[in-house]
Every structure is written in C-alpha cells, then in structure tokens.
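Protein chains in written order, with the numbering used here: chain A, 55 to 424; chain B, 55 to 424; chain C, 55 to 424; chain D, 55 to 424.
Glycine included, every Cβ here is placed at the ideal spot set by N, Cα and C.
Keep in mind it's a predicted model, so treat the numbers as computed, not measured.
Take a look at the structure below.
There are 4 protein chains.
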Amino acid sequence: MSGNTFGTIFRVTTWGESHGAAVGVVIDGCPPGLPLGEAEVQKELDRRRPGQSDISTPRKEEDRVAILSGIFEGRTTGTPISMIVRNRDVDSLPYEKLRHTPRPGHADYPYDAKYGIRDHRGGGRASARETIGRVAAGAIARKVLAEHGIDVLAHVIALGGVRARESEITPALIKENIERTPVRCADLNAAEQMIELIRSVREQGDSLGGIVEIVATGATAGIGEPVFDKLDADLAKALMGIGAVKGVEIGVGFRCAGMKGSEMNDAFEISPNGEEVVVSETNNAGGILGGLSTGAPIVCRIAVKPTPSISLPQKTVDLRTMQETEITIKGRHDPAIPPRIVPVAEAMVAIVLADHLLRNTALKPHTKTL
Amino acid sequence: MSGNTFGTIFRVTTWGESHGAAVGVVIDGCPPGLPLGEAEVQKELDRRRPGQSDISTPRKEEDRVAILSGIFEGRTTGTPISMIVRNRDVDSLPYEKLRHTPRPGHADYPYDAKYGIRDHRGGGRASARETIGRVAAGAIARKVLAEHGIDVLAHVIALGGVRARESEITPALIKENIERTPVRCADLNAAEQMIELIRSVREQGDSLGGIVEIVATGATAGIGEPVFDKLDADLAKALMGIGAVKGVEIGVGFRCAGMKGSEMNDAFEISPNGEEVVVSETNNAGGILGGLSTGAPIVCRIAVKPTPSISLPQKTVDLRTMQETEITIKGRHDPAIPPRIVPVAEAMVAIVLADHLLRNTALKPHTKTL
Amino acid sequence: MSGNTFGTIFRVTTWGESHGAAVGVVIDGCPPGLPLGEAEVQKELDRRRPGQSDISTPRKEEDRVAILSGIFEGRTTGTPISMIVRNRDVDSLPYEKLRHTPRPGHADYPYDAKYGIRDHRGGGRASARETIGRVAAGAIARKVLAEHGIDVLAHVIALGGVRARESEITPALIKENIERTPVRCADLNAAEQMIELIRSVREQGDSLGGIVEIVATGATAGIGEPVFDKLDADLAKALMGIGAVKGVEIGVGFRCAGMKGSEMNDAFEISPNGEEVVVSETNNAGGILGGLSTGAPIVCRIAVKPTPSISLPQKTVDLRTMQETEITIKGRHDPAIPPRIVPVAEAMVAIVLADHLLRNTALKPHTKTL
Amino acid sequence: MSGNTFGTIFRVTTWGESHGAAVGVVIDGCPPGLPLGEAEVQKELDRRRPGQSDISTPRKEEDRVAILSGIFEGRTTGTPISMIVRNRDVDSLPYEKLRHTPRPGHADYPYDAKYGIRDHRGGGRASARETIGRVAAGAIARKVLAEHGIDVLAHVIALGGVRARESEITPALIKENIERTPVRCADLNAAEQMIELIRSVREQGDSLGGIVEIVATGATAGIGEPVFDKLDADLAKALMGIGAVKGVEIGVGFRCAGMKGSEMNDAFEISPNGEEVVVSETNNAGGILGGLSTGAPIVCRIAVKPTPSISLPQKTVDLRTMQETEITIKGRHDPAIPPRIVPVAEAMVAIVLADHLLRNTALKPHTKTL
C-alpha cells in the first residue's frame, strides 16, 4: 500500500516528479462553503518558491497554481480540490551522469532498491518540489483553522552552530520578523550570523543543518485521537515525513530526559486574566497531554539535516558495474534548507490540525456528564 | 474518526481501560501459516508486566494472555487474532478523590474536555495498561519479522542525568545485558548509577525521565512508503504515540543541526566483507534515506518524560467548583518509566516494520529495469 | 490488506471462528455519552440466536454477550467498545471428515486456496456465527440512529416460491408482525405457507432461498459520500458482504430496467401534510439519489441463496488425492436462512447509516449559500 | 469523511466537475515497471466518450488525456499517476434556470441539502463526466490484470423491454460484437430492436433503462478479503456507486430466491480438460463463494435506471420560494445510458479486481499446510 495520501477527514494526496510535466495535489474532505481563491494559495507557494534570495537555489520557477475543481463562485463546494503547478525551469542534463551512481544522503539508492525503476531527473518524486502540493494544501488547511481562531507559525531557531535567543522570541515577534531575512529567524542578530555562515559554507561547496520551531496558537483543549492517532503522534509523522528532517520534539522535548516530575509537570490554575478557564503557567508539555491538545500553544521542533547535495567530491558506487566511484554534484541546491522548510513545516502542522479539528467534530459528545 | 487502530496491512486495534474488566487487542492482517502460541506472547508481556523489581510499581498483575481466535493447530490462519488479558489487581479507591481534579502532566484534563465523560479509575483508557495490547501485537509482529531476519532491540541510554557510554554499546551487548538489571541499560556501570538515582528520587516523592534507543537489524533496503508514510514518519508516529514520549530522533537526530553535509552524508561503498552489496561505513542516517530503509541498522531514540504521578503536592483545579486546589497522588507508580517503555518501544517498532514489510510486498516491482 | 473492519468513523472489527473459544467485535468511534447496557445488545443477539424454532438449526447457544470496555457508569466513553460471546455448544466431529473435501456452495475451497490453512470446524471464520459481532455492533449503531429518529426494519418478502403481498405491507405492519412467526414475514398468510414449505423441503434434505427487504425510516436528506462512498454503494457492500446474499437492489431495483424515465422519476412536491418540506409521492428511488439520502424511506432488498449445507449427497473433490468423491452434510443447519438474516441485515444497514450520519456531521457546510 | 477515493492498495481518487476546468484522477499504488502510455488510456476513454453515435448525447468532447506523473521512459514508477482531461464543449446556459429547481431523479436536491452549495452547471460533480477518471484508472487496472491473465468484458443484456438471448452469449461473442453496434449488445438481433426502441422513445422525449452484465475471466481462486471486504461486497459497492445503477447481482442473483440448495450449489469436480484443477460445471455462484473468487468466471449484472433527464415536463419545487413548479430539461442527454455504462462498469470491476489481486499478494500464506 503506497503512502501518497495524508490525513483521514481532511485528506491530502500529492503527485508529481521534479522534472515531470507538473506537480499537484488533490484535497478531499475540505468543508463546503469556505471562501477560497487562487491568490491565497499562491501567497503560500511564493514563500516556498526557490530563487528568492542569493542564499537559496537559483532554480527559477514561477510556480503559478491553478485550482481545477472544488471551487464554485469563490467558495469550496465540499468536492475534491485539485491544484496543479507546471514544472518549467527544468534542466535534466546534470542528472544524467548520476543515473546509476546514488548520491550519498539522498533517496536514490533505496528508491532503486524498492521500485526497480526511478525517475532520476532532479530527484524525481523525492525532490523538494513535491512539497508544493503540501504547501498548497496547507494554505487551505489554514483557512479551515482560521475559522476556529487557530494560527500556525514556524521559524528557524538554529542554523549551523548559530542559535537564536529562544527565550526572547514571542509569537508576535515571529510574525513580525519571519519574512524580514531570508533565513527566517525571528532573532535578527542571529539571522545575520546565519546568513554569513551560509555564504562561507556555500563557498566551501558544503552545506548546513538547523532547527525549526513550529508554534500553533488558538487550539482549544481536547483535539487528538488516542491511542494511536494522538495529536503529537500525527504531528511527529507529518514533520518527520518532510525530507531532511531527522528529529521531532514536542514542548521541552529531549530536555525532559534530565528533568524531574516536579519540574516537568505543568500545574493547572484558573486563568489569571479573569476568565473561568483552566490554564498552566508553564508549557513544558508543548500544549499536548495524553495525545490531546490542552489549550496551551502547541510547540514542536524539528532537526533538519544539512543539504545532502554538496559540490565536494563524494564516494559512491556505480550500480551497473558495482564498482566504487566518486561523484561531485553540480545541480542548483540550497546550502541550508531550514529557511525553506519553514512554510512546509507550517503547512504540515496546519494539515494535521485541520484534520484533527474535523475528526474531533465528527464525534462530539452526546451529552456532557462532567 | 477515532484512533485506536494502527497500521495498514498488519492492523492492530487495542481496547480496554485500566480498571475495566480486561484489556485486549485484535490484529487483522497477520499472514497465515505462521507458527504461534500463547507462550511467545506471554514472554513479551512478562517483560512489560508491573511489579518486576523494587524500582517499579508494586501493582501485582499476572497478565495472563488468552488467544481467542486466528490460530488453528498452532498456526495463524490469516483471520483476526484476538487476545485478551483480564485486569485483576484493581484498586480504584485512591482515584475517587482525583475524579474532578485533573492530575498535572496527565491526560485527565484534555480527556474531560474532549469526551465529556471519562473513566477516571487508574487513568482509564490513558493508562499504561493499554500498552499490553501493543506488546502482545508486537510479539506477533516480531514473528513476522523473524521470518525475514529482522530483529528489534531497545535499551535505556539515559536516565535522570546518567548516560550510558553509547559508543561502546553494540547490538550483541544490548542483547546480553538488557535484562540483567531492572533499568535495562546495556552499560552495567551506568545501570548501577541509574538504580541508585531512582531510589533516591523515589524517596523524595519525585520521578525521573530518560532516553531509550531502539535498534532494528536485518531490514533490507527499500522498505517504507513515500511521500507521507515514510518509514521514519511512521516510526515517529508509533513512538511519539507512546505515553510519556516527547521526542523522537532517527540516526544522529538533533545532532545533525550542527553538522555539515560533508560530515552528515554516509558515503556508499561495496561491502568490505566480500559480498557485492552497497553499504555505508557510517550510519548517521540511522538506516533511513528518503523515508526508505537503506539496509543499515535502523536507529531511533525517544525522550521519555518523568512519570507525572508524583507524591509531592501539586497545584490543580477542581473542575466542579472551578477553584484552584492541591493534590498529592498516592497510587502505585514507577518513579522512572524508561525501563518499562523498552518492551513497548520494541513492540511499536516491530509493528511498524512488519506492516511496512507487508506493504512493500504488496507492490513488488513488475520488472527490474535498473 | 485484510478486510475484517467495516466503516470509517463508526468502525466495526469482528473476530472469531465458529468452533474457537469465542467470537467478538470491537467498535471504535462510537460517540461518547450514549446510554448503553448489555441488555440492549443481548436483545438483538437473542433475535439472531440459533435454535429459536423448529424450522431453524438445533445448535443450542445462549450467546450471552459481555461488554468489556468503552462503557463507564452506563454510558459510552468514546473509547473502543469490546464485546465477546463465548462458543459453547461446539461439536466439531461431523466436520472432521469434511476437512479435505470442500462443501459445494461453501467457502471451503477458496479459503484453502487463499490461506493455505483453514479452521474447518463449523465453517471456521466463514460461519454464520461471525454475524454475532455484526448484530452486537448493530445494536449500538441503532442507539446512535435512534438519537436522530432513524429506525431500521427488515422482513422476509419471498421464500422459496412464496411471496408476501408487498403492496399491503407498511412499516407499522412489519413492526407488528415481524416476530410473530419464525419466518419473519409481515404477511401472515404468506408466512404460514413459507413455514409449510420449509418443513417439506427440510424433509427432502434440501433448502430454500428467499428475499429480505430492509426499510430505514427517519433519515434526513443529504447523507452519503459521493462519488465512491455513496450511501447506496456502502449499503450494497454491507449487504452483499453477508454470507448467502447474491443480489442487492435499492428502490424499484431491477424493475427499473423496464421503466421509462417519466415513470421512474419521483416528482418533487411540497409535503402535503403542511410542513414546508420537499417530498415525493412515489419512492422508486428507494430514498437515494446521486448516492445521497433524499429524506424518503431507504428501501433495500437482498436475494438470499438456499443454505448450501444440505443432507442430499453432493459431488466434490478430495483435495489430498485430487479425486472426485461424494459427501453428505450431517451438521445442524437452517433449511432457510432468510428469517435469520433479518437481524443481520438490519444490523448492517444500521451500521452503514450510523457511520454515514457521523461522516456527514464531520463536514458540515461552513455557510449556507443556497 | 468524504468519499472520492476507491480502493485500498490500488487507490483511485477522482476530481472535477462537469463544467469546471477539467476532470481527472490520481492513482496511487500501481506497481512499478508496468509498460504504460497515454494511447492505452485514450483507447478506453474513446469508448466512454459522448457523441459517438446518433443515439447518444450530442455533447462534443475530444476527451484527450494527459498523463502528468508516475511514468518514466514508458513504464510506471510506483509513484502516483495523475491524469487530466480538459472540459471543452461546455454550455452552462441551459442549467441556469435549473439552479434552484432540482431535477427529479437527479442528485440536485440532496446535494443542496448536504453541502449547502452546489456547482449546478451540467450536474457539477454528480455528472457522468466524473466517470472519465474511473475509465482512465480502469485502463491502468486492466494492464495490471492482463499481467495475471485476467480480462473484463461488459455488454448490454436488456434495454427497455428488449432482452438479449443470454444463453447463447459467450465471452468470445461479447468480444466480437460488443463494439459493432452503438448499444453494445452481443446479440445483434436484440441490438437492432434496442436501437429502434431508443429512437422511438427519444422522439417522445422519454428515456429507457436496462441491464448490463460484466464478466471477468482468468482470476484464480482465493481473491477477496473476508469478512467485510469480500470480493462480491466490493464489486457491489463499485457497481452500485456508478450513477443510475439501482441493483447488483452476482451469478444467478435474484433468481436464487426461488431455487433449492440442490439446484444452486455448484458441484466440484476435476477439470475435464486434463488439468488437475478443481472446477465446477455450473456457475450459479458467479465465480464467488464466501466472498472469494473460485476460479470460475466472475459474473455480475447491474440494473441501470432510465436517464432522469427527459424533455417531458416534470413537477418539482423552487427551493427559493418553496413553491411547486414545472420544468422541462433541454440539455444534451443520452436517451439510454446502459451502452455508455459498459466501459464504466468494466473499469470499476477492473479496479476492484486489481486492488484485490494486490491485496491478496500482500498476505501470501507463509507456508502451505493443506
């Protein structure tokens, strides 16, 4: 059973290869009556688009989206929404000599092992272009969430050795600063150092990893589906399934390993701002307990590995001759992916939340006996 | 849509509450003809069982499994396998006074918010007893994997501040040492320190977190289903969905954020032991590239938070009066969960691998054009 | 991928073999807060139970259900509901000599071909005992439906050559007469003839087929999920998936083949009883248009084949020797299944409607623009 | 949860509205390495295309398919196959005055009730144009089946009152005659009468129903997934889910209601043509027992209602004013759908069989103990 569909009620199916005719997505399960136009989707795709600054890949793609179905007179109809983006600036030549020599750190080798056939051009299906469908779907998921007052923001908190001063970053600051620098770090000083670092590493023909944080605000308590489709479980799946991600944490994440229960537990209290609502002063749990949202902001962090496409020479094997050989990769690549993963990570979190919001609706308690 | 089923071909559905009549699991999609008896399942349940040492909960449960269907004359028949374990040592009294005061760090509050009704006794559905079904299913998944030479091992690598010397731990050492101490740490010196630490923290009425590593050996390249059901994505979901887990990493995990591409990429080479097989000397990727297994050992690590049930007084809210109040938790609890998560984590990884092994089989390449 | 789960939001998984330890069902996705007790489930199981009259199988089973999870203080909790019925009056001896000689009209031969192993005792998984899980789940689905004013009734309209006078049968009459005779035919004259016929055919060692009609009243317009999970499509699947069913029709069914559009179309009008509601005088469509409920009663009919277990000698093949041979079947069998399919058919229709009711809820229109 | 995806391993998702930009389909789960070109898909679409004869709708659509992904160098890659057909000959004007007056026998009224918004032009999502995606997917499913020697054929056996002489129709005759007349009836005499009848009914502004039979040959025994995803259950769903279908039967279908067990059961024997294979002389079961294929031809029949779009005046309700009114439908419509359903029914049966063939592969018996 293949795995190109994500979600259960808000279902997203992506298709397309990097150097094929187009990439696209079909969304089934978007509620009817939602105002929606191509401009809203395009706005998110523009954030994902390559060639936006001198520190990202020079591949030039306009990435114009067309919505082919599911919209009538400016509103969703509840039928599948099909969106398509044509591939234009395609140059398959550099990939020809990589056809039988899998690139280290890339999907080439296990794809060959799995499928026995592979569109090697531009990484084929394993290319970052596949995320166009995710971002387009995420734009619609955001619309669903906005109806319920939920917002999703991501930002780079570490790149190479440089770390943002996290303690000073608020959602408001993220919103303000996120698009002010090409590295999408809310701490502008750190951003400057990150940019410097990227430039120097690119000159070396090498690349950098980093950490991206995603914060979702506005979700009420009780979203998630124990015991397997917990909210954190599905967020972990969604985020780990983005290419280059090697780790996911919720709230304090791996730091919890060194904490005591008395430090980790977020004590409950009545909201200090007057409302009769249960809240917590701390948010070590990252807004999720028992796989359900608690009402606090949902906080995830992902580890993004350095771009595997580097221009330094690398050892590999020629699969025809089964002889060891060496390759250098000449294509057009981002020396650091974390800034470009920001809109993709936002999209995946938005899709998970929209899906779980609708799942939660489907099984509303019959009576309140609390 | 509820979430009590895991997997697509090898499908696991668990049911049951901590203080209800029983807990159990139904497995649909186990291949027919596999030799299977209750003893093999019981063996894994015995590893999970509470009350095994002085550093774990004193709840006494025999946890005898009965297989009610799907087996005929010692073999699986391809029909659903239903397994049941009765709850016996149930003492609901201590929970009565927690009925309306959600325990910090527990699922109580969001469960109330979601369902409007909750079996509060012993944590109800959110209890660790639910993992009995997972471990029983995992025992069968292991049988499926063993047919393909795949083995799954987990061990504690950090507990409180104590860390095992990871560089010296091999799969063979894990196998040898894992059950020799109640903390299930392969580094026996570290194990001793961990046990000390647990004893002292328990006396304080507090608890500890830790890190568990899971290693799966023997998987061939090409297992996983891009682009959403990647092997690492499904492992992340399976592991993050275990209660108390707040982080998941694959291979070097979060360390990749500070690495360069030239350090991170695992170069391909021909197996040095004579076989004409593609391998890598390093395994920073943790055995997964592009969401597919590479043939190297699959390595995951999970962050386990300290047990939220502590006997120190904690602030919370009485949901009837909406007044702040204080609770102390008297039940029977493990001061450190990581050792008991070991068999559960192994089970979840085994289930993911068995499911993906069968998924991979379903779509065998029609012809090899490599 | 195995197929022992039915439904998407209201999900039913059955397990168990005829002569195994027990049969059972797990329901995931039942809304929380619904009042529910074992008695309500038992009532439906008692209707399904064998040995209720002299015209059905003499197998004596009490079929006492136990609900093991998902209920707390008399209400559903939204967690999985596990139900179990022990097998008691098991006599496997008559099946031993049928182990390698597949019974004509039964599942024996293709089960062997599919699984390579088979619990042959009492038909194993393919036994009618499997429907216990369906009927138990249906009892709960009925509770969900009752909250929305939906009721499901089935009755026998043809048995052997005898047909009920359908034009005179109303839902009220079905309700009144359905349990008054063991053949569950609402036309009591026809019922008497059917009973005669069954007795005479049983004496010949032969069996009879028939037709069962299912009527669901009270569903509002708009239930169903085009384009593949249409309400009629899922009803067809649910009903055709009952053992012995060889045909399913909706509304006029096969009669439509000889009708003109002007006869078939149900004209819309305003309800003659004063309400400002769209209705139709005729109901040729059987309450379903475009795969969605119209608000009119939903009417399905199923063709039930004669019991394949007959005591007359039959030709078959010994699969060990691959020689032709002859068998006579001595077990305890119903000479006519339609009356016993009535509660099963009701259950399956109830499950489909409950599932689609919840599916419909999950995607409520965002705004009404009509 | 919406329902625009069909299948579990071979998964088909259709999208698009009649008068939108395009219609299309995404197939996930097609095995890699299968030779495939647009011509093979086009061939099936050409059979489905409107405007092929004087007895069908005059809507002129070229229906040129483009395959946008999932194919590389003439072979499938195991990644999603996206196919698109542009809508060209669109005339929405006649539909404007039907916007608020639901057409009897059509999906208009319940769609409004369900979604609250509806693309009314050309029937929107409920249009027969949606079947383009099904036929395109079916063309690929056929390729999968052909590799296993399975072929699927459909033909019209009744139209209006005219019935083909079924007893004389063999698969070979169907193949020979199916495309020789626009009514797709293998009995050429009956075909002639059917054509006459269609012409006369069309002149009256009325329409006709009929019966289509689908025969699949070459399937080995054991395909299907009890107890809910039985082969006949999924065929029933697939076929009942085609617009205008009101009944589905397998083998003798509703005729079984009047048969005795001794007549209905197909006796097993050793193949008379020398092979050591279990066969049956009769095929009353239609090639399916216990929800599994038996190795005999799989035979289904569907009842197709007369086209609801007739030009005779019809009563309906204006949903704005809630007043009764009268409409006449002027669009371009087929007076009899059965001939055009032939390729759609073949496609749906092919999709079900391809999906179940792959499902069966996924769970191959571990050992043969027979």
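- Using a 10 angstroms sphere on the CB of Asp409(C), the tally of other CB atoms reaches 16 or more, which defines it as buried.
- Only residues of its own chain outside the window of five on either side were considered, and among them Ser365, Pro367 have a CB closer than 6 Å to the CB of Thr382(C), listed in chain order.
- The C-alpha of Ala292(D) lies about 41 Å from the C-alpha of Ser181(B).
- Chain order gives no chain B residues near Phe60(C), where near means a beta carbon separation below 9 Å; the closest approach is about 11 Å.
- Taking the Cα of Ala273(A) as reference, the smallest distance to any Cα among Ala350(A), Leu242(A), Ala212(A), Ser221(A) is reached at Ala350(A).
- Setting aside the 5 residues that flank it on each side, Ala287(B) is surrounded in the same chain by Gly345, each with a C-beta closer than 7 Å to its C-beta; the list follows chain order.
- Against chain B, the beta carbon of Phe126(C) has neighbours under 7 Å at Ile171, Asp173, listed in chain order.
- The DSSP assignment places 76-82, 119-121 as complete runs of the beta strand (DSSP E) inside the segment 70-139 of chain C, in order along the chain (cut-off: 3 residues).
- Proximity of His73(A) to chain B, defined by a Cβ-Cβ separation below 8 Å, is not satisfied.
- The Cβ neighbour count for Gly215(D), taken over all protein chains shown within 10 Å, is under 16; the residue is labelled exposed.
- Counting along the chain, Leu242(A) sits inside the alpha helix (DSSP H) bounded by residues 242-257.
- Phe322(C) is bridged by DSSP to Ser334(C).
- Residues of the segment 78-102 of chain D with a C-beta atom less than 7 Å from some C-beta of chain B are Gly83, Pro85, Pro86, Gly87, Leu88, listed in chain order.
- If you compare the alpha carbons of Ile405(D), Ala212(D), Val299(D), Leu411(D) with that of Val79(D), the shortest gap goes to Ile405(D).
- Identification of chain B residues near Arg157(C) by a Cβ-Cβ cut-off of 7 Å yields none; the smallest Cβ-Cβ distance measures about 18 Å.
- Per the coordinates, the alpha-carbon of Ala161(C) lies some 30 Å from the alpha-carbon of Ile194(D).
- At a cut-off of 4 residues, the continuous stretches assigned as alpha helix (DSSP H) that sit fully inside the segment 259-299 of chain D are 285-294.
- Residue pairing by DSSP places Val198(B) opposite no residue, since no beta bridge is assigned to it.
- Within the segment 230-264 of chain D, those residues whose Cβ lies closer than 9 Å to any Cβ of chain C are, in chain order, Val255, Gln258, Gly259, Asp260, Ser261, Leu262, Gly263, Gly264.
- About 21 Å separates the CB atoms of Leu412(B) and Phe126(B); that is not less than 8 Å, and the two are not in contact.
- Residue contact with chain D for Ala76(A): present (Cβ-Cβ distance below 8 Å to some residue of chain D).
- In this structure, Leu262(B) sits near Pro389(B), with a CB-CB distance shorter than 8 Å.
- For the segment 392-418 of chain B, the beta-carbon criterion of a distance under 8 Å to any beta-carbon of chain D is satisfied by Leu412, Arg413, Thr415, Ala416, Leu417, Lys418.
- Taking a Cβ-Cβ threshold of 8 Å, the residues of chain D close to Arg179(C) are Pro280, Val281, in chain order.
- Residue-level contact check: Met318(D) does not touch chain B, since none of the beta carbons of chain B fall below 8 Å from its beta carbon.
- Setting aside the 5 residues that flank it on each side, Leu152(B) is surrounded in the same chain by Asp162, His174, Ile381, Ile383, each with a C-beta closer than 8 Å to its C-beta; the list follows chain order.
- Residue burial is scored here from C-beta neighbours: Gln377(D) has fewer than 16 other C-beta atoms within 10 angstroms and is therefore classed as exposed.
- Within the segment 158-196 of chain D, the alpha helix (DSSP H) runs of at least 4 residues that lie entirely inside it are, in chain order, 162-169.
- Close to Met55(C), with beta-carbon spacing below 9 Å, are these residues of chain A in chain order: Met55.
- For the options Asp166(C), Gly128(C), Glu71(C), the alpha carbon positioned closest to that of Ile138(C) is the one of Glu71(C).
- Contact between Gly295(B) and Val210(B) does not hold, since the beta-carbon distance rounds to 20 Å and is not under 8 Å.
- Here Thr185(C) is buried: its Cβ has 16 or more other Cβ atoms, across all protein chains shown, within 10 Å.
- DSSP, reduced to helix, strand and coil, places Arg65(B) within a strand of the structure shown.
- Per DSSP, the unbroken alpha helix (DSSP H) holding Val398(D) starts and ends at 392-416.
- DSSP, reduced to helix, strand and coil, places Cys310(A) within a helical segment of the structure shown.
- Annotated as proximal: Phe282(D) and Phe60(C), with beta-carbon spacing under 8 Å.
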